[in-house]
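Colleague: Under the numbering used here, the first residue of the sequence shown carries the number 29, and numbering increases by one thereafter. Sending over a structure as C-alpha cells; questions will come in a sec.
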Amino acid sequence: MAHFIPAKINITAEELAQLLIREVVRLHGVPRAIVSDRDPKFTSD
Numbered sequence: 029m030a031h032f033i034p035a036k037i038n039i040t041a042e043e044l045a046q047l048l049i050r051e052v053v054r055l056h057g058v059p060r061a062i063v064s065d066r067d068p069k070f071t072s073d
C-alpha cells in the first residue's frame, strides 16, 4: 500500500518522521519496512 502525503520541498528528516507518524502510523501501526529513494537526507556521509 502506498501513501502519498503532500509536504514542502525542503522538509527535514525530523519533520518527515513526524509526518509519517501522524499520517501512516496512526492508521496502520509501525511499518515493518520503509522504501526510500536513497535521498541524501536518509544516507550517512
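Built from N, CA and C at the ideal position, the CB exists for glycine as well.
Whole-angstrom Cβ separation of residue 33 and residue 47, contact assumed at under 8 Å?
Modeller: 6 Å between Cβ atoms; contact.
Colleague: When the distance is taken between beta carbons, is residue 52 closer than 8 Å to residue 31?
Modeller: The answer is yes: Cβ separation under 8 Å.
Colleague: Tell me which residue opens and which closes the alpha helix (DSSP H) that residue 42 is part of.
Modeller: Here the alpha helix (DSSP H) through residue 42 covers 41 to 48.
Colleague: Give me the Cα-Cα distance between residue 43 and residue 63, rounded to the nearest whole angstrom.
Modeller: Answer to the nearest angstrom: the Cα atoms are 17 Å apart.
Colleague: Measure the alpha-carbon distance for residue 45 versus residue 39 and round it to whole angstroms.
Modeller: Distance between the alpha carbons of residue 45 and residue 39 is about 10 Å.
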